[in-house]
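Working notes, beginning with the structure itself.
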């Protein structure tokens, strides 16, 4: 059949179904295929918080959103263009985010009486005209797979489980994508079970051919390849990227890697990944609590490891006292805080940027700690590496802020050539005449000698140290001197970080200033607004303590500064108090990052109103 | 992969271990009160460590907060005076990352049983090869006299002016309940026995817990005197020795026998009982260890001391390094470039 082929720039597809319907698999396969084809991709999984929610319920819906396109794909998509809904509940949960006129691919078999009831539908939306504003592709996928696999050795249960593969095959047809990537994956997964491999391939192809042969379907779409830098790419989540960043840093530092950590949502995958790479000599301790997590990491750092702990807000709160110890000891330590909505238990699976104050200020005493933040999933690799570099060079704990959104979302990552990663090897002091608090005059980092070094036995701890010797000192003048040393050391890092990189005009009327995971939405909005000819500039901060040396001058070059944050204005307050300038806040705390259209609307509103 | 830490370890192989106790004394002035039990605990540690044959640079003392926790400053080895309650996880991080080090913890009943209680039970559960010397003076002394988890019921302190109404922790029982593989008790005044236990603790592979009854001359003076005074010690304590019957009394005329699971005191002069009726100690018998630990706060039975339990169990730090070696054998030494690429990468060409 001849179908009209429509060329488009981007599409957002959401695969939604029951927890057991294999929607995560659909989503990851679609995004892998699209990425391997050469498109830009960004994804976000949306699992139910229940581990095994009852079948067919609204709270048991599992979804995976994929945004693909030929350029400027920085988010999993604001709104859904195509919804694959395997049952009534998944339609109900996701429909509100589908654009009017969007495509609904539904499995008719998931809209029988029982499922409609569980989804709290009074009538069947497939027949009651309530979906008239959408383009509905209604297939009885359950019947289709039964028909395709009739006569095979597969059990009815196994047959039913291939429904998602049918939907996937159809989606590939609809967006003119090849089956090869998924075929390769199926081969790998079911290589030892040829019957199951064959069955899945039959269903995948049948889904594809259904599009080709169905008379009801008149269009299919095509998205061109993106203009990507050549190289090797893979999809990666922020949590895995952070774990790999730590491993890479340890290798480049010639140090063993230690992770002391306690399971906590949404940071746990960092512990999973690091504990799974034993052949990289990663030593981990799943501690009895958050405090023991950081305390064991402090012990390992003292003993000469590149040491780290991973956590989320409630855990960071528990680690605060030990952070003060790490500041006093002046030892290298990386703390990864995958932020979530607080306070208290809050919304564990929802994202927020609300630990910034805790990271920068949350200690008793004058206890400065460098704080840096990743801006995208793959950037978690670079920033974990960077946190390690700063920690080792300056002998200091460093807090890396990521968040639940970055931790779970995936994007293609251009894998670096490891030979291009900088060397981080520290110097262990081994000469006689060691003074534990003698400092490098350039960095103010103290000299590091580890247990095992003959003749350099010394004592350190949480009591104030005498300058140079490190002996316990209650001399108050010495205390003041040491407080300044610790502050000056952290402030001095500003000389060692890149200057502000402003997108757009270097001075002007409006600067959007942001940090962390807001990057994707703001970058998308920024590109769009610039294409429309709007005048605005964008500066994304990755170093939050200390801030870039030229930030004060940069901010003074703009008439208005907009600072969107997923909190009530934590960075805005820091910027105001440091530079005594006006900041216009844009805040949201709804457990998700910004949508790019929200940024667009806000910027347009500011541009229309003009001046202050 | 050979790391910088391996290079440091190589340096220490050539050093001798021909020490005297003096080699373990640091320059710092000892600042405990005159008459504090800590002096004896420190002196015995210096004496015993000198004879262990371990290079000084491979010994690390870690402490938390409290009078006991000043200990590392007085030892000329690697020392780490940390924060309240956290000595054990810090020591765990040191030992797990550097199994070649000899790691010791000096702690007290407040530091270890109260604020650090959770770390205590889990360190013993993992059986990390750390030697814990717990100074038990049954009071918070550095904060000038408040009830601790081991204070006696009825004890008058600044926070229990009408007498403590908290029940008393039994540290040996807690250690056994946590799966402790070496659990022992001694007294600050019993110099020889303390030395013996230090040697045993150092030789034991796995967590060694030594509870040391420590006199606090200022805030809880003489609280253990019935167990340490020459006149009463023989009647009020019983020494546990592996393979030997439990005999005590000024004239060695009393003993402990088991009545079912209940230990009872018997006279060896009553014409009924003989040494053959007595309980014979077995350090490898965990059930027995619990029974003996339960004698601790009995009014009628003598206070047991010595090694309650010495058994062998796997150690976390050994197993994790074994897993690492195994994985390297199976998968080969990690290749960073391959790790970063993962299994599912693709190439974008020009």
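Residue numbers (the working numbering), protein chains in the order written: chain A, 1 to 612; chain B, 1001 to 1350.
In this text, a Cβ means the ideal position worked out from N, Cα and C, and glycines have one as well.
Closer than 7 Å, Cβ to Cβ, to anything on chain B: give me those residues from the segment 249-273 of chain A, in chain order. Residues 251, 254, 255, 256, 258 and 260.
Whose CA, out of A/34, A/11 and A/319, lies closest to the CA of residue 1345 of chain B? If you compare the alpha carbons of A/34, A/11 and A/319 with that of residue 1345 of chain B, the shortest gap goes to A/34.
Quick one: what's got a C-beta closer than 6 Å to residue 84 of chain A's C-beta in the same chain, skipping five residues either side? Closer than 6 Å at the Cβ level, and outside the excluded window around residue 84 of chain A, lie 15, 105 and 167.
Who does residue 135 of chain A pair with in a DSSP beta bridge? Its beta-bridge partners are A/103.
Expressed to the nearest angstrom, what Euclidean distance is found between the alpha-carbon atoms of residue 80 of chain A and residue 149 of chain A? CA-CA distance, residue 80 of chain A to residue 149 of chain A, rounds to 32 Å.
By the DSSP assignment, the beta strand (DSSP E) with residue 364 of chain A in it spans what residues? Premise fails: residue 364 of chain A is in no beta strand (DSSP E) and is neither H nor E.
With DSSP collapsed to three states, give me the class of residue 1146 of chain B. Residue 1146 of chain B sits in a strand when the DSSP states are folded into three classes.
Going along the chain, which residues of the segment 1336-1347 of chain B sit with their C-beta nearer than 7 Å to a C-beta in chain A? So the list reads 1336, 1337, 1339, 1340, 1341, 1342, 1344, 1345, 1346 and 1347, given in the order they occur along the chain.
Quick one: grab the DSSP three-state call for residue 1036 of chain B. Residue 1036 of chain B falls in the coil class under three-state DSSP.
Short CB-CB distance (under 8 Å) between residue 1044 of chain B and chain A: No, because no Cβ of chain A sits closer than 8 Å to the Cβ of residue 1044 of chain B.
Minimum Cβ-Cβ distance from residue 1135 of chain B to chain A less than 8 Å: Any Cβ of chain A closer than 8 Å to the Cβ of residue 1135 of chain B would place that residue at the interface, and such an atom is absent.
Quick one: does residue 1332 of chain B have its CB under 8 Å from some CB of chain A? For residue 1332 of chain B, the answer is yes, since a Cβ of chain A falls inside 8 Å of its Cβ.
Is residue 1155 of chain B close to chain A? Criterion is C-beta to C-beta, closer than 8 Å. Chain A has no Cβ within less than 8 Å of the Cβ of residue 1155 of chain B.
Partners in chain A for residue 1019 of chain B, counting only beta-carbon separations shorter than 7 Å: Those within 7 Å of residue 1019 of chain B in chain A number zero; the least Cβ separation is about 12 Å.
Residues in its own chain within less than 6 Å of residue 1049 of chain B by CB, not counting five upstream and five downstream? Residues 1024 of the same chain have their beta carbon placed closer than 6 Å to that of residue 1049 of chain B, with the five preceding and five following residues left out of the count.
What does the Cβ neighbour count give for residue 164 of chain A, buried or exposed, with the cut at 16 atoms within 10 Å? It is buried - the Cβ of residue 164 of chain A has at least 16 other Cβ atoms within 10 Å.
Closest residue to residue 1341 of chain B among A/340, A/378 and A/349 (Cα-Cα distance): Nearest neighbour of residue 1341 of chain B by Cα position, chosen from A/340, A/378 and A/349, turns out to be A/378.
Whole angstroms is fine: what's the gap from residue 1235 of chain B's alpha carbon to residue 1256 of chain B's? Here the alpha carbons of residue 1256 of chain B and residue 1235 of chain B stand approximately 12 Å from one another.
DSSP state of residue 374 of chain A, grouped into three classes? Looking at residue 374 of chain A - three-state DSSP - the assignment turns out to be coil, as it is neither helix nor strand.
Is there a Cβ of chain B sitting closer than 8 Å to that of residue 27 of chain A, yes or no? Nearest CB-CB separation between residue 27 of chain A and chain B: not below the 8 Å threshold.
Span of the alpha helix (DSSP H) around residue 241 of chain A: That run of the alpha helix (DSSP H) goes 238-253.
Does the pairing of the segment 1298-1312 of chain B with the segment 1184-1201 of chain B give three or more beta-carbon distances under 8 Å? Cβ pair count under 8 Å is three or more, so yes.
Assuming residue 1072 of chain B contacts residue 1021 of chain B under a Cβ cut-off of 8 Å, what Cβ separation, rounded to an integer in Å, is found between them? The beta carbons of residue 1072 of chain B and residue 1021 of chain B sit about 16 Å from each other, so the pair does not count as a contact at 8 Å.
Rounded to a whole number of angstroms, what is the C-alpha to C-alpha distance between residue 474 of chain A and residue 438 of chain A? Residue 474 of chain A and residue 438 of chain A have their C-alpha atoms roughly 18 Å apart.
Identify whether residue 282 of chain A lies in helix, strand or coil by the three-state DSSP scheme. Three-state DSSP puts residue 282 of chain A in a strand.
Under the three-state DSSP convention, the category residue 1197 of chain B falls into: Residue 1197 of chain B sits in a helix when the DSSP states are folded into three classes.
Once DSSP output is grouped into helix, strand and coil, what is the label at residue 175 of chain A? Here residue 175 of chain A sits in coil by DSSP.
DSSP has residue 67 of chain A in a bridge; who is on the other side? In DSSP, residue 67 of chain A forms a bridge with A/12 and A/42.
Is residue 1311 of chain B helix, strand or coil by DSSP? DSSP places residue 1311 of chain B in coil when its eight states are reduced to three.
Is it the case that the Cβ atoms of residue 446 of chain A and residue 330 of chain A are separated by a distance below 8 Å? Taking 8 Å as the cut-off, the beta carbon of residue 446 of chain A is found closer than this to the beta carbon of residue 330 of chain A.
If contacts are defined as beta-carbon pairs under 8 Å, then residue 304 of chain A and residue 428 of chain A qualify, I think. What distance do you get, rounded to the angstrom? Contact between residue 304 of chain A and residue 428 of chain A holds, since their C-beta atoms are separated by about 7 Å, short of 8 Å.
Excluding the five sequence neighbours on either side, which residues of its own chain have a C-beta within less than 6 Å of the C-beta of residue 90 of chain A, listed in chain order? Cβ within range, chain order: 16, 17 and 61.
Residue 1076 of chain B touches chain A at which residues, Cβ-Cβ below 7 Å? By Cβ distance, chain A contributes 457.
Run down chain A in chain order and give the residues with a C-beta less than 9 Å from the C-beta of residue 1012 of chain B. Within 9 Å Cβ-Cβ: 452, 453 and 454.
Same chain only: Cβ atoms within 6 Å of residue 407 of chain A, ignoring 5 sequence neighbours per side: The answer, listed in chain order, is 238, 239, 266 and 338.
Does the Cβ of residue 1208 of chain B have 16 or more other Cβ atoms within 10 Å, making it buried, or fewer, making it exposed? Counting Cβ neighbours within 10 Å, residue 1208 of chain B comes out buried, since at least 16 surround it.
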